[in-house]
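Visitor: FYI, the numbering for the sequence shown is 124 to 448, going by my numbering.
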Amino acid sequence: MIVDINTRIWESTEQLGPAISQQMRRRHITPWDKPAPSSDAHAEAMAKVETAIVLGFRSEYLDANIPHEKVAEYVALDPAKYLGFMGIDPSADKPIPSLQKGLDLGLVGVTISPSAQGYHPADTRAMELFEACEAQNIPVFIEFDAMLARDIKMEFGQPYLLDEVARTFPALNIIMTSLGHPWVEQAIALIGKHPTIYTDLSDLVRRPWQLYNALLLAHQQGVTNQIIFGSGFPFCTPEEAIMTLYSVNTLVQGMHLPSVPRENIRAIIERDTLKLLGLQKPDAPATHNTEDDPPLELVVAPATETTTTEQTNTDAPDEDQEPSA
């Protein structure tokens, strides 16, 4: 089972607001480098995963809005595969009515971005939303992309700021994007402290060397069991992300550097994210037949892994790991 926790669809970059649109034009200069966020491109990219989460987005500060109705519309394109998270801006919306509206539309989670919405994660308005989500067992996805736009308030995007939230609402399931990048060490310390905080690798899968270092540190700290799979579509597809993950140890082949146990990588990709977050699988009649699709791991050439004699596996035993070079 592969669940992609981090995907988005939009009709125009105007939905993301002028600041994000401008940043995307700067970062994706050539036409072939631009993301393809259409529903058709999304459906094609998600063919290899069993379930995909479609995230909404709302920021009055950045004049951005992928509204609840649009997310519900995208989910309805394939209700046997998709689940929707609603974008709520606690600093602008009335959080509880907005939450109820999304639930009435069939959405099952919440997306916020304190750094893109301009408030401290423990702001009273956000805490009101967290309290309601904890009471109803609704997971909260938190976007911390410091490079999303020039106007992003990085001071509100540091993972340690979620410590107060997690202490106050210990039963609330929280998902951080990109292992807190660029504050990876903070994020690892945070998830090591709070078992209900999870993270994906969505941005890091496009930066293999940073991905290797982040995964190795997470393995050494024994927290890879709280890393879940997210591609970050449309900036990366699930297949590209999985191939990068399985190939991450090739970066240190022939070197006296530790490798990330392959069993841990497989566990991240195949983790039952829906069960972890208390979500139900989509149960509508399936519209996509994946029976003839080969397992994604089979299309990836196994990587030769190297280890040092000092390396120990603090997570699950790695039966697939090859002997030290």
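The beta carbon of each residue, even a glycine, is placed where N, CA and C say it ideally should be.
Nothing here was measured: the structure is a model prediction, and the numbers come from that model.
Measure from the alpha carbon of His342 to the alpha carbon of each residue in Val288, Arg329, Glu287 and Ala390, then state which is nearest.
Guide: Considering only alpha carbons, the answer is Ala390.
Visitor: Per DSSP, Gly345 forms a beta bridge with which residues?
Guide: None, per the DSSP bridge assignment.
Visitor: What whole-angstrom Cβ distance do Met299 and Ile350 have, given they're in contact under 8 Å?
Guide: Going by Cβ atoms, the distance from Met299 to Ile350 rounds to 10 Å, so no, they are not a contact pair.
Visitor: In chain order, which continuous runs of the beta strand (DSSP E) of length 3 or greater are located wholly inside the segment 255-303?
Guide: Entirely contained in the segment 255-303, the beta strand (DSSP E) runs reaching 3 residues are, in chain order, 263-265 and 297-299.
Visitor: Run the CB neighbour count on Pro220, radius 10 Å, all protein chains shown included, and call it buried at 16 or more, exposed below.
Guide: Exposed, by the Cβ-count rule.
Visitor: Run through DSSP, which three-state label would Ile122 get?
Guide: What the structure shows of the chain is the stretch from 124 to 448, and residue 122 is not part of that stretch, so it cannot be assessed.
Visitor: Report the option in Pro405, Asp406 and Gln146 whose CA atom is closest to the CA atom of Arg273.
Guide: Of the listed residues, the one whose Cα sits closest to Arg273 is Gln146.
Visitor: Note down the Cα distance separating Gly207 from Tyr335, rounded to an integer number of angstroms.
Guide: About 30 Å.
Visitor: Could you check which residue in Glu167, Gly303, Val288 and Leu295 has the C-alpha nearest to that of Phe267?
Guide: Measuring from the Cα of Phe267, the nearest candidate turns out to be Gly303.
Visitor: Check this for me: beta carbons of Leu324 and Gly353, under 8 Å apart or not?
Guide: It is a contact, given that the beta carbons lie within the stated cut-off.
Visitor: Give me the residue from Pro244, Arg330 and Ala364 with the minimum Cα distance to Thr291.
Guide: For Thr291, the nearest C-alpha among the options comes from Pro244.
Visitor: When the distance is taken between beta carbons, is Ala166 closer than 8 Å to Asp201?
Guide: A contact, by the Cβ cut-off of 8 Å.
Visitor: Which whole runs of the alpha helix (DSSP H) in the segment 170-230 are 4 residues long or more, in chain order?
Guide: The segment 170-230 contains these whole alpha helix (DSSP H) runs: 191-199 and 218-227.
Visitor: Nearest by alpha-carbon distance to Asp216: which of Arg248, Val288 and Leu380 is it?
Guide: The residue with the shortest Cα to Cα distance from Asp216 is Arg248.
Visitor: Just how far apart, CA to CA, sit Leu139 and Ile132?
Guide: Approximately 11 Å between the Cα atoms of the pair.
Visitor: First and last residue of the alpha helix (DSSP H) that includes Tyr369?
Guide: It spans Pro361 to Tyr369 - the alpha helix (DSSP H) in which Tyr369 sits, taken as one unbroken run.
Visitor: Output yes or no for whether 8 Å exceeds the beta carbon distance between Ile176 and Ile392.
Guide: Contact flag unset, no.
Visitor: So, is Ala364 buried or exposed, given that buried needs 16 or more other C-beta atoms within 10 angstroms?
Guide: Buried, since its Cβ has 16 or more Cβ neighbours within 10 Å.
Visitor: Measure from the alpha carbon of Ser236 to the alpha carbon of each residue in Ala199, Glu183 and Glu254, then state which is nearest.
Guide: Closest by alpha carbon: Glu183.
Visitor: Around the Cβ of Trp306, are there at least 16 other Cβ atoms within 10 angstroms (buried) or fewer (exposed)?
Guide: Label assigned to Trp306: buried.
Visitor: So Gly345 and Asp326 are supposed to be a Cβ contact under 8 Å. How far apart are they, rounded?
Guide: Going by Cβ atoms, the distance from Gly345 to Asp326 rounds to 23 Å, so no, they are not a contact pair.
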